[in-house]
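In this note's numbering, the protein residues as written are 135 to 628.
Note sheet for the following structure.
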DNA sequence: ATCGGCTCGCGCAA
DNA sequence: TGCGCGAAGCCGAT
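Right, dumping it as structure tokens:
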């Protein structure tokens, strides 16, 4: 790659199929699958680099299939909202933004290959979770054009280390040593700002676009008819939270300007729902943690010189920012990227066997303890347990696609306690979280769900039935700690 | 309201 | 070898 182009760090670029680029191809393809935004995006920067270097137009394909696991009105709507934003923003640039929505099962088959067969190179997003690694590998086998996957997941490149970490403090200590050089590596705020990309003419790909028509602005903006026409799960309704980079930006600004000031204390006060509510935007790639970091640093008047000389994995004081900024960075950098690291490098990272030894041991010792209650997946899903707090949390998940951050822990702990086996509990948690949570199907879902069974945690006494030495939580105590009246009314039985 | 004990593993100082 | 401490807890004693 050219020395004069804005550099995407080599560590973040991976050749999927080992094929060479084709300099006589007609255009560069950016296949947008995970980082669904037009700025703060190393993956798109890389595609722009190619286009500039070889003097070829840029085609951005953002596709949405019908048959991905858990496809529903809820997730489709979120992604389509993002496409509407990207279409709007790309309109002022000389690129071909091509939003493709599959209308009938299998209709989209062949589209990527049709583009790839004429492309110089295809650049896509290297996301370590859900079906993405398999999809990327399969796409690489189906094309003889060079396919590159680029890591724009977080501040630390996924390939910076092969190690996996058993506890947040270990990863934090590692980050405090390894992260500083990477903090200078930022993607472009506006990947399409460079004017030296050759224009994509209006006739480009006309015949491809006749066979696989792009979604138009109107149906992406006003989505109910489109959603209703698709063969997806309509029982999981559109969530109150709107998807897309524009909404993500708005929520981030609001959080930064209004909610962050109470963040350090707010999180320790279980009464307030002090979460940033950015996780759906981060999950769908509508928001970048690089932007979050850059904006935060600017607000804090921070420079790398402020970093403390001691690096012992301490939770606060290392960055040299305000308490609330450091508390937030611990979430969005340490904890978020801990999960990504595990997803990218952890053997069997989503399996029971990946739990720490002490946790597996104690869970096994209590495997045959009688459960105080046992519910089926269907009873859990329809919020028919004996516990009104648990039922309310489940109803919030079904209706809004999220759960209050404290209750989310209780929700998982109780599914563990009220299932026949830990494996069945895991299955229930993953099904419900994957199906309903806007931020589900993410490496951080693994972290959150497995935390309930001891991952990243330590043993706690006294030893109890079912839990053994796994940290225990109870609805009775939750009732004492949280003011739940409003919540229980809002999420009472329908 | 606050405190200690419950319990495990790891890095680091000694 | 021992010490300190860690995502969010619980419970009983004070």
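Don't be surprised by glycine CBs; every beta carbon is placed ideally from N, CA and C.
Residue i classed as buried or exposed, judged by whether at least 16 other C-beta atoms fall within 10 angstroms
{"i": "residue 439", "result": "exposed"}
{"i": "residue 616", "result": "buried"}
{"i": "residue 391", "result": "exposed"}
{"i": "residue 246", "result": "buried"}
{"i": "residue 664", "result": "Residue 664 lies beyond the range of the chain shown here (135 to 628); nothing can be said about it."}
{"i": "residue 520", "result": "exposed"}
{"i": "residue 170", "result": "buried"}
{"i": "residue 463", "result": "buried"}
{"i": "residue 260", "result": "buried"}
{"i": "residue 394", "result": "buried"}
{"i": "residue 172", "result": "buried"}
{"i": "residue 340", "result": "exposed"}
{"i": "residue 236", "result": "buried"}
{"i": "residue 207", "result": "buried"}
{"i": "residue 547", "result": "buried"}
{"i": "residue 644", "result": "Because the chain in this structure spans residues 135 to 628, residue 644 falls outside the shown range and cannot be described."}
{"i": "residue 481", "result": "exposed"}
Alpha-carbon to alpha-carbon, residue j and residue i
{"i": "residue 136", "j": "residue 233", "result": "Bear in mind that a pLDDT of 47 at residue 136, under 50, signals an unreliable position, so the model cannot answer this."}
{"i": "residue 573", "j": "residue 186", "result": "35 Å"}
{"i": "residue 150", "j": "residue 478", "result": "15 Å"}
{"i": "residue 349", "j": "residue 356", "result": "12 Å"}
{"i": "residue 502", "j": "residue 255", "result": "56 Å"}
{"i": "residue 211", "j": "residue 435", "result": "38 Å"}
{"i": "residue 385", "j": "residue 483", "result": "31 Å"}
{"i": "residue 257", "j": "residue 142", "result": "12 Å"}
{"i": "residue 300", "j": "residue 584", "result": "12 Å"}
{"i": "residue 451", "j": "residue 468", "result": "14 Å"}
{"i": "residue 515", "j": "residue 192", "result": "45 Å"}
{"i": "residue 189", "j": "residue 379", "result": "29 Å"}
{"i": "residue 227", "j": "residue 328", "result": "9 Å"}
{"i": "residue 666", "j": "residue 437", "result": "As displayed, the chain neither begins before 135 nor continues past 628, which places residue 666 out of reach and without an answer."}
{"i": "residue 283", "j": "residue 586", "result": "33 Å"}
{"i": "residue 240", "j": "residue 474", "result": "31 Å"}
{"i": "residue 202", "j": "residue 262", "result": "16 Å"}
{"i": "residue 370", "j": "residue 569", "result": "8 Å"}
{"i": "residue 269", "j": "residue 575", "result": "15 Å"}
{"i": "residue 606", "j": "residue 596", "result": "9 Å"}
{"i": "residue 218", "j": "residue 459", "result": "32 Å"}
{"i": "residue 242", "j": "residue 331", "result": "28 Å"}
{"i": "residue 148", "j": "residue 312", "result": "21 Å"}
{"i": "residue 489", "j": "residue 231", "result": "43 Å"}
{"i": "residue 604", "j": "residue 565", "result": "22 Å"}
{"i": "residue 608", "j": "residue 593", "result": "17 Å"}
6 Å Cβ shell around residue i - same chain, five flanking residues per side excluded
{"i": "residue 342", "result": "248"}
{"i": "residue 461", "result": "397 and 398"}
{"i": "residue 389", "result": "410"}
{"i": "residue 274", "result": "150, 151 and 281"}
{"i": "residue 204", "result": "568 and 569"}
{"i": "residue 305", "result": "299 and 472"}
{"i": "residue 417", "result": "573 and 576"}
{"i": "residue 631", "result": "Residue 631 falls outside the range modelled here, since the chain spans only 135 to 628, and no answer is possible."}
{"i": "residue 360", "result": "353"}
Residues that residue i bridges to, as DSSP identifies them
{"i": "residue 258", "result": "165 and 283"}
{"i": "residue 193", "result": "163 and 230"}
{"i": "residue 148", "result": "283"}
{"i": "residue 602", "result": "598"}
{"i": "residue 206", "result": "367"}
{"i": "residue 253", "result": "161"}
{"i": "residue 198", "result": "235"}
Closer than 8 Å: residue i CB and nearest the ligand FAD heavy atom
{"i": "residue 583", "result": "Judged by which ligands are present, the structure shown has none, so any question about the ligand FAD falls away."}
Cutoff 8 Å; reference residue i; Cβ partners in own chain excluding five residues on either side
{"i": "residue 553", "result": "505, 508, 509, 559 and 562"}
{"i": "residue 613", "result": "523"}
{"i": "residue 571", "result": "531, 535, 536, 537 and 579"}
{"i": "residue 362", "result": "368"}
{"i": "residue 366", "result": "200, 205, 206, 207 and 210"}
{"i": "residue 253", "result": "156, 159, 160, 161, 162, 163, 193 and 279"}
Beta-carbon contacts of residue i that lie in its chain and below 7 Å, excluding the five residues immediately before and after
{"i": "residue 266", "result": "167 and 168"}
{"i": "residue 174", "result": "321, 323, 422, 424 and 425"}
{"i": "residue 441", "result": "314, 452, 453 and 454"}
{"i": "residue 556", "result": "486, 497, 550 and 587"}
{"i": "residue 415", "result": "382, 385 and 421"}
*Does the count of Cβ pairs from the segment 524 to 534 and the segment 617 to 628 closer than 8 Å reach three?*
Taking a cut-off of 8 Å for Cβ pairs, the segment 524 to 534 and the segment 617 to 628 touch, as three or more such pairs fall below it.
*When the Cβ atoms of the segment 174 to 184 are set against those of the segment 541 to 556, are three or more pairs found closer than 8 Å?*
At 8 Å Cβ cutoff, the stretches do not touch.
_Measuring CB atoms only, is the segment 145 to 161 touching the segment 271 to 281, in the sense that at least three cross pairs come out at less than 8 Å?_
Yes, the segment 145 to 161 is in contact with the segment 271 to 281.
_Segment contact flag, the segment 306 to 321 with the segment 196 to 211, C-beta cutoff 8 Å, min 3 pairs_ = Verdict: no, contact absent.
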